[in-house]
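Structure first, commentary second.
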Amino acid sequence: IFGGEETDISSFPWQVFFQNPRAGGALIDENWVLTAAHVLESNSNPIMYMGTTGVRNVALQKAQMLLADRVFIHPGWKPVGERQTRTNFDNDIALVRLKDPVKLGPNVSPICLPDSSPDYDLNFGTLGLISGWGRSNERNVVARLRMASLPVVPLEKCQSVESEDPRVDIRTFRFTNNMICAGGEKGSDSCDGDSGGAFAVQVPNEENTKFYVAGLVSWGPKCGTYGIYTKVKNYISWIEKTMQENRISDQD
Amino acid sequence: DTSMYGEILSPNYPQAYPNNAQKTWNITVPDGYGIRLYFTHLDMELSANCEYDSVKIVSGDLVEGVLCGQKSSKNPSSPIVKEYHVPYNSLQVIFESDFSNEERFTGFAAYYVAVDINECTDFEDAPCSHFCNNYIGGYFCSCPPEYFLHDDMKNCGVNCSGNIFTDLTGEITSPNYPSLYPENSRCDYRVILEKGFHVVVTIKREDFDVEAADSEGYCPDSLLLTAGGQQFGPYCGNGFPGQQIIETKDNVLDIIFQTDETGQKKGWKLRYYGDPMPCPKEFTANSVQDPVKATYVYKDTVKITCLEGFEVVEGKVSSTSFYSSCQSNGQWSNSNLKCKPVDCGSPEPIKNGAADNTEDTLFGAVTQYTCSEPYYYMKTEGTGEYRCAANGTWVNEVLGMELPQCVAVCGVRNQKSVGAGR
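Keeping their order, the protein sequence lines are chains A and B.
Sequence positions in the first sequence follow the working numbering and run 1 to 252.
Sequence positions in the second sequence follow the working numbering and run 1001 to 1422.
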């Protein structure tokens, strides 16, 4: 997380820590974690943790460990060859079904899902919260959870940023309606290691403050500028169908 | 020893009999005969009342005659001077002479023969109840048609035993009713009904006329009814003296009608019917019966339906109704079955929630489901309140039998307060 600050896990109780490779995810149900597809490409059997602000070994020993039972990568996610550089992050979304339900508590609870109503359409300027243990301004490896608040901006903003790697031409990347661009304020941005984490937006028309996962940290041209987030609203049907068809019944 | 005839001569006959002599002759002829004793010669001392010398003829305790003095036949063609006829088969001839016989007396000569007696007519009491037939040396009794001779060979009676009645209703009369019933009879009748029915007898006063009781109240002819240890009667007289309706407590009734040799009347007529055994009107609580009747009797069947919220449990099967039948012993079948409150059992547990009442689980009980707050909330509609319904399930007003669902509260940040410390 660039441009953000340290925070306590209790402020982001849905935050899931993927140990290796380091990434994030969002708890959406006692038995399901939502994350980015590219997170699971290199590890389809991730070990995850929840309920901890710190992620040093000592802290992880006290955290709640989550084991994956099965992984569901969106069918629209296109694999690429090992030597190829990915430029298409369309449908960067995946679900992880857990072996055992998580035990909820003050530091472990799910984030809400959007529904298909227009209320959940994101307007430019809508603020979202991002969190994770990804690279920060000062550190490549972060030990304690960080967060930042950033606005939704037009996708063109993301398209206009020059890539961090000069060999990479941002214009070769695929931009779709399944993506949200956010950032550009005070250098707040997600970065490597934050992938899969939630772009949490306040639930509209709700008397009590609640947050839903509007986006998932997906990719970006350069940390500290703008980031692209998978637009979760576009995948609600797939998420619900996948969860329904693959839920573990009480008798299993 | 018996003989058909004999001769009796005074001592020393035909010479003078001695003084102070006494001799007894016991005459016996075979049974069925009488004795004809006749004297052909009599020459004895005459005295007043024959107190000096005499010959006495005794039959049992009866002195048939005492002879003394001289007698001669008045019939020239017959030598008999004195004759006796006794309708018995034994006789005694007793001769006595005293101490003084100044003259010579030759005594007597007597002869006896057995003669047939007519038992049918010779005695005051007729030996047979109906027909008497005399023959030489005896007699025999006989009976009219439909009568039979009893073992005593003298009395005739009617065969009126072994009559069994099994119909639920019937009529029974004495033999020949309303004509005279037979004498010397013992008639027995039996009513046997199916268990579960009691015999009820009705006798009209005018349907009863039996020889009246004697001065001591004893009925020479009598009607006696017995059932299940109860005895009714004996009854006799003109007009039925007992209750016109006799309700026994048994399904078997014995009727005995006895008659002696005299005093026949028209007899009696009775009707009977089987009264079904009643069963109690009380049934298990919390139920309704169909049909509802003032009385229930044997073979009645009733459907017992439990009120709402109650059920009958037999083993692992429960139902809301059952049938009972009034049995022959006056008890209902299935009387062990009771309508008990429906038990919904412990409320089903739910994930991430609980029911507050798991002990009171009978019909009408209420349990409240709540979710484990603050991390879960009740997703389903309704208040979470479930009531134990009549069908044995916990039911919610909105969800019915569907259980509530507790789902995780989402999107809530539990921000720690910063506090004053730096």
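The C-beta atom is built at its ideal place from N, Cα and C for all residues, glycine as well.
Because the structure is a prediction, the values reported are computed rather than measured.
Roughly how many angstroms separate the alpha carbons of residue i and residue j, rounded to a whole number?
{"i": "B:Q1015", "j": "B:F1108", "result": "10 Å"}
{"i": "B:E1103", "j": "B:N1118", "result": "44 Å"}
{"i": "B:Q1405", "j": "A:K99", "result": "21 Å"}
{"i": "B:T1295", "j": "B:N1286", "result": "20 Å"}
{"i": "B:G1233", "j": "B:C1219", "result": "10 Å"}
{"i": "A:T176", "j": "A:D90", "result": "7 Å"}
{"i": "B:P1182", "j": "B:N1238", "result": "17 Å"}
{"i": "A:E164", "j": "A:R135", "result": "14 Å"}
{"i": "B:Q1258", "j": "B:L1225", "result": "12 Å"}
{"i": "B:K1056", "j": "B:I1094", "result": "5 Å"}
{"i": "A:V102", "j": "A:S160", "result": "41 Å"}
{"i": "B:R1271", "j": "B:K1265", "result": "19 Å"}
{"i": "B:V1418", "j": "A:S10", "result": "At B:V1418, the pLDDT of 46 sits below 50, so the modelled position is not reliable; the number obtained from the coordinates is stated separately. B:V1418 and A:S10: Cα-Cα distance of roughly 12 Å."}
{"i": "B:Y1013", "j": "B:H1041", "result": "10 Å"}
{"i": "A:H38", "j": "A:G24", "result": "11 Å"}
{"i": "A:E6", "j": "A:S190", "result": "14 Å"}
{"i": "B:A1408", "j": "A:N107", "result": "13 Å"}
{"i": "B:Y1052", "j": "B:Y1038", "result": "22 Å"}
{"i": "B:G1353", "j": "A:V96", "result": "25 Å"}
Between residue i and chain B, is the shortest Cβ-Cβ distance under 7 Å, so that the two count as touching?
{"i": "A:S10", "result": "yes"}
{"i": "A:E30", "result": "yes"}
{"i": "A:S188", "result": "no"}
{"i": "A:F211", "result": "yes"}
{"i": "A:C223", "result": "no"}
{"i": "A:L104", "result": "yes"}
{"i": "A:I111", "result": "yes"}
With 7 Å as the threshold, decide whether the Cβ of residue i is near any Cβ in chain A.
{"i": "B:C1410", "result": "yes"}
{"i": "B:Q1405", "result": "no"}
{"i": "B:N1414", "result": "yes"}
{"i": "B:Y1369", "result": "no"}
{"i": "B:Y949", "result": "Since the displayed chain B opens at 1001 and closes at 1422, residue 949 of chain B lies outside it and no answer follows."}
{"i": "B:Y1375", "result": "yes"}
{"i": "B:A1420", "result": "Because the pLDDT at B:A1420 is just 45, under 50, the model does not fix this residue reliably, and the value given afterwards should be weighed accordingly. No, because no Cβ of chain A sits closer than 7 Å to the Cβ of B:A1420."}
On the DSSP letters alone, give me the boundaries of the alpha helix (DSSP H) that residue i sits inside.
{"i": "A:V153", "result": "First-last for A:V153: 146-153, but that is the beta strand (DSSP E), not the alpha helix (DSSP H)."}
{"i": "A:V58", "result": "57-62"}
{"i": "A:E41", "result": "37-41"}
Name the two residues that bound the continuous beta strand (DSSP E) containing residue i.
{"i": "A:S237", "result": "Element bounds for A:S237: not the beta strand (DSSP E) but the alpha helix (DSSP H), 236-245."}
{"i": "B:Q1258", "result": "1252-1258"}
{"i": "B:Q1231", "result": "1230-1235"}
{"i": "B:K1266", "result": "It is not in any beta strand (DSSP E) - B:K1266 carries neither H nor E in the DSSP assignment."}
{"i": "B:F1197", "result": "1197-1202"}
{"i": "B:L1224", "result": "1222-1227"}
{"i": "B:K1299", "result": "Where B:K1299 is concerned, there is no enclosing beta strand (DSSP E), given that its DSSP letter is neither H nor E."}
{"i": "B:H1041", "result": "1033-1043"}
{"i": "B:F1099", "result": "First-last for B:F1099: undefined, no H or E at that position."}
{"i": "A:M179", "result": "179-183"}
{"i": "B:N1026", "result": "1022-1028"}
{"i": "A:R97", "result": "94-98"}
{"i": "B:C1371", "result": "1366-1371"}
{"i": "A:K103", "result": "Per DSSP, A:K103 belongs to no beta strand (DSSP E) and is neither H nor E."}
{"i": "B:V1395", "result": "1394-1396"}
{"i": "B:Q1289", "result": "1287-1290"}
{"i": "A:Q15", "result": "15-18"}
Checking 7 Å against the spacing of the C-beta atoms, do residue i and residue j come in under that value?
{"i": "B:F1105", "j": "B:D1043", "result": "yes"}
{"i": "B:G1196", "j": "B:M1277", "result": "yes"}
{"i": "B:D1300", "j": "B:V1200", "result": "no"}
{"i": "A:K210", "j": "B:G1411", "result": "yes"}
{"i": "B:I1136", "j": "B:D1116", "result": "yes"}
{"i": "A:P153", "j": "A:G196", "result": "The sequence as given places Val at residue 153 of chain A; Pro does not occur at that position. It is not a contact, given that the beta carbons lie outside the stated cut-off."}
{"i": "B:Y1298", "j": "B:S1328", "result": "yes"}
{"i": "B:T1202", "j": "B:I1256", "result": "no"}
{"i": "B:C1132", "j": "B:C1141", "result": "yes"}
{"i": "B:Q1070", "j": "B:N1026", "result": "no"}
{"i": "B:N1251", "j": "B:L1168", "result": "no"}
{"i": "A:F2", "j": "A:N205", "result": "no"}
Is any heavy atom of the ligand NAP found at a distance shorter than 6 Å from the C-beta of residue i?
{"i": "B:F1131", "result": "In terms of ligand content, the structure shown is empty, and the ligand NAP therefore cannot be addressed."}
Any chance the stretch 1202-1222 of chain B sits against the stretch 1148-1163 of chain B, with 3 or more Cβ pairs inside 8 Å? no
Does the stretch 17-28 of chain A come close enough to the stretch 36-49 of chain A to have 3 or more Cβ pairs within less than 8 Å? yes
Are there three or more Cβ pairs, one per stretch, closer than 8 Å when the stretch 227-243 of chain A is compared with the stretch 1004-1015 of chain B? no
Segment contact, 8 Å Cβ cut-off, at least three pairs: the stretch 115-122 of chain A with the stretch 67-85 of chain A: The stretch 115-122 of chain A vs the stretch 67-85 of chain A: no contact.
Do the stretch 58-74 of chain A and the stretch 214-223 of chain A touch if we need at least three Cβ pairs shorter than 8 Å? no
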